[in-house]
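**Q** All residue numbers for the sequence shown refer to our numbering, where the first residue is 87 and numbers rise by one.
Note that CB positions come from ideal geometry on N, CA and C, so glycine has one too.
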Amino acid sequence: MTETLTDADVAFFREHGYLLPGRPLLPEARLSWLEQIFNEHLRDKGDKLSDELDTPHYRDERLLDLLLSGEVLDWIEPLIGPDIALWSSHFISKDPFTGRATPWHEDSAFWEGRFDDYDHIVTIWLALEDGSSEENGCMRVIPGSHLNGGFSDGYRPTDMTEQTFHAELAGVDESKAVSFELRRGEFSMHDGRIVHGARANTSARRRTGYTMRYFPSSVKMRDVPQNEGWRIWLARGRDLAGNDYANAPAGA
């Protein structure tokens with residue numbers, strides 16, 4: 087068995103919408119292996135920006151060895167239960183001095199209509215290479231904001247030459263923000279409804295992370311246009327909502 091969350095960890099996450107376990111997610115050999123895969127994807131990204139390497143596991147099945155592993159799922163299970171679906175993953179790299187800011191937002195606001203429930207979607211953010219700090223644009227969250235439901239009013243357009251998303255949540259009280267400063271190999275966990283963002287990378291160090299997103303298999307991914315072509319995996323346990331999974335046996 088790998089490490090997992092304590093009851094106190096779960097209670098903190100439920101109240102605040104995030105957790106900083108302060109421990110490495112992977113042993114050194116596995117972390118170095120993942121960093122090598124990231125650098126391969128970065129080398130082959132073509133015209134994409136370095137912060138746009140979305141769903142790399144679609145193109146590289148090696149990543150499924152991590153995404154569907156007990157190393158990760160044992161941390162997720164206390165928060166969403168034993169029946170777990172893999173929603174997405176994303177390499178996010180902010181280049182030195184030029185890495186774009188991430189505007190204040192709720193992930194759930196960009197997923198509206200895609201699921202029938204948003205209460206237990208959880209993301210792991212794993213710091214690669216030099217880690218994540220205030221100087222190179224670490225993630226920041228507004229504790230407890232997930233309790234507002236995840237669909238706030240007040241989004242306004244952004245300039246995507248400077249921001250990673252097309253819209254930002256206005257009126258956020260940044261004095262309440264908690265910064266996710268992580269050493270290489272450490273990770274954070276956050277609720278899909280929490281308000282979060284990140285400043286631009288103004289340092290000489292690249293900021294790189296790998297996000298892994300999961301939801302309970304009791305949640306239905308709806309048959310809507312914005313889900314067309316999207317693939318999910320049954321990561322652990324049973325399907326409880328009648329979802330279609332990329333790893334379902336033929337004829338199932």
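Given that a residue counts as buried once 16 or more other Cβ atoms are within 10 Å of its Cβ, and exposed if not, what is residue 225?
**A** By the 10 Å Cβ count, residue 225 comes out buried.
**Q** Name the residue from 198, 261, 207 whose alpha carbon lies nearest to the alpha carbon of residue 227.
**A** The option with the nearest alpha carbon to residue 227 is 261.
**Q** Measuring straight from C-alpha to C-alpha, what distance separates residue 178 and residue 288?
**A** C-alpha separation (whole angstroms): 16 Å.
**Q** Nearest-angstrom Cα distance between residue 175 and residue 128?
**A** Computed Cα separation, rounded: 15 Å.
**Q** Based on Cα-Cα distance, which residue from 122, 90, 313 lies nearest to residue 296?
**A** Out of 122, 90, 313, 122 has the C-alpha closest to the C-alpha of residue 296.
**Q** Can you have a look at residue 191 and say buried or exposed, based on whether 16 or more other CB atoms are within 10 angstroms of its CB?
**A** Looking at its Cβ environment, which holds 16 or more other Cβ atoms inside 10 Å, residue 191 is buried.
**Q** For residue 95 and residue 273, what's the separation of their Cα atoms in angstroms?
**A** Going by the C-alpha atoms only, they are around 14 Å apart.
**Q** If you check the beta carbons only, do residue 321 and residue 172 fall under 8 Å apart?
**A** Yes, the pair counts as a contact, with Cβ atoms nearer than the cut-off.
**Q** Measuring CB to CB, does residue 270 end up less than 8 Å from residue 216?
**A** Contact: yes.
**Q** Based on DSSP bridge pairs, tell me the residues matched to residue 319.
**A** Answer by DSSP bridge pairing, in chain order: 172.
**Q** Please report the Cβ distance between residue 268 and residue 213, rounded to the nearest whole angstrom; I am assuming they are in contact, meaning their Cβ atoms lie under 8 Å.
**A** 4 Å between Cβ atoms; contact.
**Q** Which two residues bound the contiguous alpha helix (DSSP H) that contains residue 236?
**A** That residue, residue 236, is in no alpha helix (DSSP H); it is neither H nor E in DSSP.
**Q** Does residue 311 come out as helix, strand or coil in the three-state DSSP assignment?
**A** Residue state, collapsed to three classes: helix.
**Q** Do you know how far the Cα of residue 167 is from the Cα of residue 237?
**A** Each residue's alpha carbon lies about 24 Å from the other.
**Q** Residues in the same chain with beta-carbon distance under 7 Å from residue 265, minus the five sequence neighbours each way, listed in chain order, please.
**A** Only 220, 224, 226 meet the Cβ criterion.
**Q** Just mark residue 324 as buried or exposed, buried being the case when its beta carbon has 16 or more other beta carbons within 10 Å.
**A** Looking at its Cβ environment, which holds fewer than 16 other Cβ atoms inside 10 Å, residue 324 is exposed.
**Q** Around the C-beta of residue 278, are 16 or more other C-beta atoms found within 10 angstroms, so that it is buried, or is it exposed?
**A** Burial call: buried.
**Q** Quick one: is residue 222 buried, meaning 16 or more other Cβ sit within 10 Å of its Cβ, or exposed?
**A** The residue is buried, with at least 16 neighbouring Cβ atoms inside 10 Å.
**Q** With a 10 Å radius around its C-beta and 16 neighbouring C-beta atoms as the bar for buried, classify residue 294 as buried or exposed.
**A** So residue 294 ends up on the buried side.
**Q** Alpha helix (DSSP H) containing residue 276: first to last residue?
**A** That residue, residue 276, is in no alpha helix (DSSP H); its beta strand (DSSP E) goes 273-277.
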